[in-house]
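A quick write-up on the structure given underneath.
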Amino acid sequence: MNRDPAPLIVNDNGAWCWFQDERALVDPATQTLVVGSIAAPEGPGGEARAGNVELSVVDLRAGTSETVVLHERLESDDHDVPALWRRADGRWLAVYTRHKTDDLTRWRVSEPGDPTRWGPEKAFDWSVLTGGAGVTYSNLRSIGGRLYCFARAVNDDQCALVSDDDGDTWAYAGKLFTRPKVGYVNGYTRYDGDGDRVDLITTDHHPRDYDNSIYHGYIEKGVLHRSDGTVVDADALSGEAPSQVELTTILQAGSRWDGVRISHCWTTDVRQGTDASVAAVLTARAGEEEHLERRKAHPDLRFFYARMAPGGEWTVHELAKAGPGLMPHEEDYTGLASIDPYDIDSVYVSTSVDPRDGSVLAHHEIFHARTGDGGATWTWTPVTENSDVDNLRPIAAPGDPSRVPLLWFRGEMTASQHYRCEVVLRDLPRED
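What follows is the structure, encoded as structure tokens:
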């Protein structure tokens, strides 16, 4: 990847979690990029701006950015970042929640074609369903002409709201999975796809509480399937929900890679290919048995690349080392990775270990990885080098197949609630 020109700073105070999508989206007609983020008290604006739910609205032609506040001082937590949707009528939809500290899914709808102007905030109250236990995350996906917002809600399971008017109003759809809760919550799920089929990957619980495996399934015509098409739930989101363990296991906790046991797996990204294939990036601890007595961030986290061929057969390869946990109290946090939404052979990875030679880096850098054999081997190109700060959580924004708008945030992050980071963009035309 050509590393020129220099990245554009699109927001001087922001970060995001990775269980909401789409967090960034391009309108190809107007060449407008919109990305959501949450301002922190350590950044510019301090406490007066802390917890703002913000959108950076970028004019890709002019290379300029405008910051729009959806909700002032909602909560200083990167889990509150909005999910975005471009409606058929030219308006934008933004949906967001707090991090399990209230029971409201909030949303706003923009003026036609203008993501800098927004209508009033509305909210769906989950409390009668959750008993006041809170809701987290928003994922907007269309299935069979209906818009769904997947969230972690009832019993901290994956649930959904549904809208038949493109997000003007919402109703409870039901639970996707359920199981007895262990520790903090049940399962971390990533979604991709719109139209007839949505693919998903998910875990058992939080990796600090449970030795997770990773599972895959898909929803098509209201039916939840395993990877090979076997029906798991003939009426998904209705009645009793199955456990996610009934889906296809794609990365097994306790499996060994080059003799090293991997454990506590976590979902990172998933994208559909153009030929009914699916790609996923997953993380796991490596060699945990050698470090059980250490009370600090796990020193060896790994990225894995999983590829499903049409028909449902998975192959999994180790992608790269991710380095130690990003924070001492969140030992499974990594710099993350993003699959190109229009080219699943292309992945952007944030790591503190150079994937070309295994050398330890001073900070997390972003690398572009390309495979020509389904993930067995990779060619690596640095996107950032010799940085003075960490470069974290890349997003390859969808919306315009002709370009690769790559976003990340850079700076210092000590917690999901505390960081001094700026959001940057490197926008390049897609190479043939």
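In my numbering, each residue's number is its place in the sequence shown (first place is 1) plus 18.
Glycine included, C-beta positions come from ideal geometry on N, C-alpha and C.
| task | Rank 251, 364, 387, 94 by C-alpha distance to the C-alpha of residue 372 and give the top, closest one. | result | 387
| said: Would residue 327 and residue 295 qualify as a contact pair, given that the criterion is a beta-carbon distance under 7 angstroms? | reply: yes
| message | Rounded to whole angstroms, what is the Cα-Cα separation between residue 128 and residue 84? | response | 15 angstroms
| request: Going by CA-CA distance only, name the one from 106, 298, 379, 324 that's closest to residue 185. | output: 106
| task | Note down the Cα distance separating residue 419 from residue 42, rounded to an integer number of angstroms. | result | 14 angstroms
| Under 7 angstroms, do residue 242 and residue 251 count as touching if we go by C-beta distance? | yes
| task | Classify residue 442 as buried or exposed, calling it buried when 16 or more other Cβ atoms lie within 10 Å of its own Cβ. | result | buried
| request: Confirm the yes/no value for this check: CB of residue 358, any heavy atom of the ligand GTP, distance under 6 angstroms. | output: No copy of the ligand GTP occurs in the structure displayed, which carries no ligand at all.
| message | For residue 34 and residue 56, which I take to be in contact (beta-carbon distance under 8 angstroms), what is that distance rounded to the nearest angstrom? | response | 7 angstroms
| The alpha helix (DSSP H) with residue 272 in it runs from where to where? | Where residue 272 is concerned, there is no enclosing alpha helix (DSSP H), given that its DSSP letter is neither H nor E.
| query | residue 180: which of 151, 200, 123 sits nearest, CA to CA? | reply | 123
| Can you give the beta carbon distance from residue 378 to residue 337, rounded, assuming they're within the 8 angstroms contact cut? | Actually they are not in contact, since the Cβ atoms of residue 378 and residue 337 sit about 18 angstroms apart, beyond 8 angstroms.
| query | Alpha carbon to alpha carbon, how far is residue 276 from residue 333? | reply | 16 angstroms
| field | beta strand (DSSP E) segment containing residue 181, residue limits | value | 176 to 181
| Spatial distance of residue 52 from residue 209 (CA atoms) | 19 angstroms
| Cβ pair count under 8 angstroms reaching 3, the segment 156 to 167 against the segment 210 to 218 | yes
| Thinking just about the alpha-carbon of each residue, which of 398, 425, 271 is nearest to the one in residue 305? | 271
| said: Extract the residue ranges of the beta strand (DSSP E) inside the segment 145 to 170, only unbroken runs of 3 or more that lie entirely within it. | reply: 154 to 161, 164 to 170
| query | Is it the case that the Cβ atoms of residue 398 and residue 385 are separated by a distance below 7 angstroms? | reply | yes
| message | By alpha-carbon positions, which one of 411, 226, 92 ends up nearest to residue 303? | response | 226
| query | Mind pulling the beta strand (DSSP E) runs of 3 or more residues that sit fully within the segment 347 to 380? | reply | 355 to 358, 361 to 371
| said: Starting from residue 208, trace the beta strand (DSSP E) in both directions and tell me its first and last residue. | reply: 208 to 210
| How big is the Cα-Cα spacing for residue 353 and residue 317? | 14 angstroms
| message | Less than 7 angstroms between C-beta atoms, sequence neighbours within five positions excluded: which residues of the same chain meet that for residue 131? | response | 48, 108
| said: At the level of alpha carbons, what is the spacing between residue 390 and residue 297? | reply: 13 angstroms
| field | Alpha-carbon spacing of residue 335 relative to residue 413, whole angstroms | value | 22 angstroms
| message | Tell me the DSSP secondary structure of residue 67 in three-state form. | response | helix
| query | Grouping DSSP H, G and I as helix and E and B as strand, with all else coil, what is residue 290? | reply | strand
| task | Return the Cβ separation of residue 178 and residue 194 in integer angstroms, given the expectation that the two are a contact with Cβ distance under 8 angstroms. | result | 6 angstroms
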